[in-house]
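Worksheet: one structure, shown below.
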Ligand code: SF4
C-alpha cells in the first residue's frame with residue numbers, strides 16, 4: 003500500500019467520504035430501531051445530519067490555557083482515529099491492505115475511548131471526571147475479552163491481515179470469538195446496558211458535559227464512525243465476500259445494519275447496570291467465551 | 031452563503047435539544063414534561079431530545095414560580111446554554127407565579143430575570159401543549175439565529191402580576 007492508495011482509502015473509500023454518510027445512517031438506524039421497539043415512530047431519516055449541522059452553527063465556548071487547547075484537540079483526534087479505523091476495513095474484495103492491519107485497526111478503535119477519558123479529565127468538570135473514570139474502568143474490563151477474541155481468530159487463520167480474514171467464511175469454532183466480540187461492542191459504543199460513561203441524566207452527560215457546538219458535533223461524528231468500525235469489523239469476520247463492486251458494498255452495509263439493529267434491540271430491552279456489575283460481567287461471563295475461543299483455536303491449529 | 035443560511039435555519043428548527051430546569055415547581059409541570067418526552071408522545075419525531083448538560087441544549091424548559099433560591103441557578107444555567115437559544119416557560123407558575131403569588135419566598139415571575147420566548151399556560155399544561163410550545167420555540171430560535179433578545183431590566187419588568 004503506497005501513500006496515494008493509503009490516502010485514498012482514508013479520505014475517499016472506505017474512509018471519510020463513504021464513512022460519514024454511513025455513520026449518520028447507522029446513528030439513525032439505531033435511534034429508529036429503539037423507537038420502533040418502544041412503539042414510537044422515531045426520528046426522521048435526516049436527523050443525525052440535522053443535529054450535526056445545527057451543532058456546527060452553535061457558539062463554542064472560549065477556552066484558555068493548555069487545558070483549553072487540549073479540549074479542542076481531543077475530538078479531532080477521535081474523529082481522525084475512527085476514520086482511520088474505518089479506512090482499514092475490507093469493504094471491497096481485493097482492496098489491498100497489508101500484513102498486520104488488524105493490529106492497527108484494534109489500536110485505532112481504542113483511540114476514541116482514550117480521547118474520551120482524556121477529554122473528561124481536561125474539562126475539569128466533576129461530572130466529566132466521574133464519566134472518565136467509568137470509561138477507564140469499563141475499557142480495562144472489556145478490552146481483555148475483545149483482544150483475546152480477536153487474537154484467537156487471527157491465530158486460527160494464521161494471519162493478521164484483515165483481507166485474508168474477510169475472504170474465508172467463519173468456521174464453527176470461530177463463532178465463540180465472534181460472540182465475545184459482539185458482547186464487547188455495547189460497551190465500546192456506550193450502549194445500554196453498559197452506557198455507564200455517558201449515563202444521561204445520572205451524571206449529566208459524562209465526559210461530554212462541558213462540550214458544546216462544533217466540538218460536540220465532532221464527538222457525535224466520532225461516535226458514528228466508531229459504529230461503522232465496530233460493526234464493520236464483525237461483518238468482515240462473519241461473512242466472506244460473495245460479490246464485487248457496488249453489490250459488495252451494499253451487502254456489507256446491510257450486514258452492518260443487521261448488527262446495528264441487534265445491538266439497538268439489546269439497548270432498548272435493558273437498563274443501565276452499575277459499574278461493579280458491569281466489570282463482573284466482563285471478567286466472569288464473557289471471559290469464558292474468550293477462553294473457550296482461544297483454546298479451540300489452539301486445538302484447531304494443533305490438528306492442522 | 032444564502033443556501034448555507036437556509037440549511038442552518040432548517041437544521042435548527044428540526045433539532046431542538048431540551049434542558050429542563052425546575053425553579054421551585056410543585057412537580058406537576060415536571061411530571062407533564064416527562065410525560066411529553068415519553069414514548070406515548072414521541073417528541074423524537076420532531077428531533078427533540080432531553081439533554082443532560084445545558085451546554086448541549088438549545089431550548090431551556092423552565093417550570094415553577096422562581097423561588098429566591100433558584101434565581102442564581104436560573105441565571106447561571108441560562109448563561110451556560112450557548113446561542114442560539116430559546117426559553118420556554120412551562121405552566122402558569124413562571125408566567126404569573128400562579129397560586130404562589132405574594133409568597134415571600136418568591137422572586138418571580140420568570141420574565142424579570144431572563145427573556146422568555148414562549149409561555150405554555152396551564153396548571154399543569156397538557157403534554158401536547160408543551161410539545162407545541164417547544165415546536166414554537168424552535169421556530170423562533172431558527173429565525174432569530176445567534177443574536178439574543180435583551181436581558182430584562184429589573185426596573186422595567188413587571189413587579190407584580192395580577193392573576
Ligand atoms: S403551574 Fe401548577 S402544576 Fe405547574 S408548577 Fe405551578 S402550581 Fe405546579
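Protein chains in written order, with the working numbering: chain W, 3 to 306; chain G, 31 to 193. Glycine is no exception: its CB is placed at the ideal position from the N, C-alpha and C atoms. In this text the structure is predicted, and so the values were computed from the model without any measurement.
Check whether residue 151/W and residue 182/W have beta carbons under 8 Å apart: As a working note, residue 151/W is residue 149 in the first chain. As a working note, residue 182/W is residue 180 in the first chain. Yes, Cβ-Cβ distance for residue 151/W and residue 182/W is below 8 Å.
Bridge partners - residue 93/G, DSSP secondary structure assignment: Mapped onto the second chain, residue 93/G falls at position 63. 52/G and 120/G.
Spatial distance of residue 169/G from residue 129/G (CA atoms): Here residue 169/G is taken as the residue at index 139 of the second chain, counted from 1. Here residue 129/G is taken as the residue at index 99 of the second chain, counted from 1. Cα-Cα distance, rounded: 31 Å.
Three-state class that DSSP yields for residue 17/W in the structure shown: Locating residue 17/W in the first chain gives position 15, counting from the first residue. Coil at residue 17/W, not helix or strand.
Rounded straight-line distance, which links the Cα of residue 94/G to that of residue 58/G: Taking the second chain and counting its residues from 1, the one referred to as residue 58/G is at position 28. Taking the second chain and counting its residues from 1, the one referred to as residue 94/G is at position 64. The straight-line gap from Cα to Cα measures roughly 9 Å.
Alpha-carbon spacing of residue 87/W relative to residue 95/W, whole angstroms: What you label residue 87/W is simply residue 85 of the first chain in a count that begins at 1. What you label residue 95/W is simply residue 93 of the first chain in a count that begins at 1. In a straight line, the C-alpha of residue 87/W is about 17 Å away from that of residue 95/W.
Contact with chain G by residue 33/W, beta-carbon distance below 8 Å: The residue you call residue 33/W lines up with position 31 of the first chain. By this cut-off, residue 33/W is an interface position.
Chain-ordered residues of the stretch 100-126 of chain W with a beta carbon less than 9 Å from chain G: none
Top-ranked residue by Cα proximity to residue 107/G, from 165/G, 50/G and 177/G: In the second chain, counting from the first residue as 1, residue 107/G sits at position 77. Nearest option by C-alpha distance: 50/G.
CA nearest to the CA of residue 163/G, picked from 98/G, 82/G and 116/G: Working through the second chain from its first residue, we reach residue 163/G at position 133. Out of 98/G, 82/G and 116/G, 116/G has the C-alpha closest to the C-alpha of residue 163/G.
Cβ-heavy atom distance, residue 154/G to the ligand SF4, below 7 Å: Translated into positions along the second chain, residue 154/G becomes position 124. Yes, the beta carbon of residue 154/G sits closer than 7 Å to at least one heavy atom of the ligand SF4.
Check whether residue 176/G and residue 61/W have beta carbons under 8 Å apart: Numbered from 1 along the second chain, position 146 holds the residue referred to as residue 176/G. Numbered from 1 along the first chain, position 59 holds the residue referred to as residue 61/W. Against a cut-off of 8 Å, the Cβ pair of residue 61/W and residue 176/G comes out as a contact.
Buried versus exposed call for residue 12/G [16 or more other C-beta atoms within 10 Å across all chains shown]: Past the boundaries of the shown model lies residue 12/G; chain G is included only from 31 to 193, so the question cannot be answered.
Nearest-angstrom Cα separation, counted from residue 137/G out to residue 66/G: Within the second chain, residue 66/G is the residue found at index 36, counting from 1. Within the second chain, residue 137/G is the residue found at index 107, counting from 1. Each residue's Cα considered, the two are about 28 Å apart.
Distance CB(residue 147/W)-CB(residue 184/W) smaller than 8 Å: Counting from 1 along the first chain, the entry for residue 147/W is found at position 145. Counting from 1 along the first chain, the entry for residue 184/W is found at position 182. No; because the gap between Cβ atoms is not below 8 Å, this pair is not in contact.
Residue 214/W versus residue 10/W: straight-line alpha-carbon distance, rounded: Start at 1 with the first residue of the first chain, and residue 214/W comes out as number 212. Start at 1 with the first residue of the first chain, and residue 10/W comes out as number 8. Going by the C-alpha atoms only, they are around 31 Å apart.
Residues within the stretch 40-67 of chain W neighbouring chain G, beta-carbon criterion of under 9 Å: 40, 41, 42, 43, 44, 45, 46, 48, 49, 51, 52, 53, 54, 55, 56, 57, 58, 59, 60, 61, 62 and 63
Whole runs of the alpha helix (DSSP H) within the stretch 42-86 of chain W, excluding any shorter than 4 residues: 49-58
Strand pairing of residue 80/G, partner residues [DSSP]: The residue labelled residue 80/G in the question sits at position 50 within the second chain. According to DSSP, residue 80/G bridges with 48/G.
Simplified DSSP state of residue 184/W, which is helix, strand or coil: The residue labelled residue 184/W in the question sits at position 182 within the first chain. DSSP places residue 184/W in helix when its eight states are reduced to three.
Cross-chain neighbours of residue 176/G in chain C, by beta carbon under 9 Å: Here chain C cannot be found, since the structure's protein chains are W and G.
C-alpha distance - residue 127/G paired with residue 150/G, whole-angstrom precision: Within the second chain, the letter at position 97 stands for residue 127/G. Within the second chain, the letter at position 120 stands for residue 150/G. Going by the C-alpha atoms only, they are around 13 Å apart.
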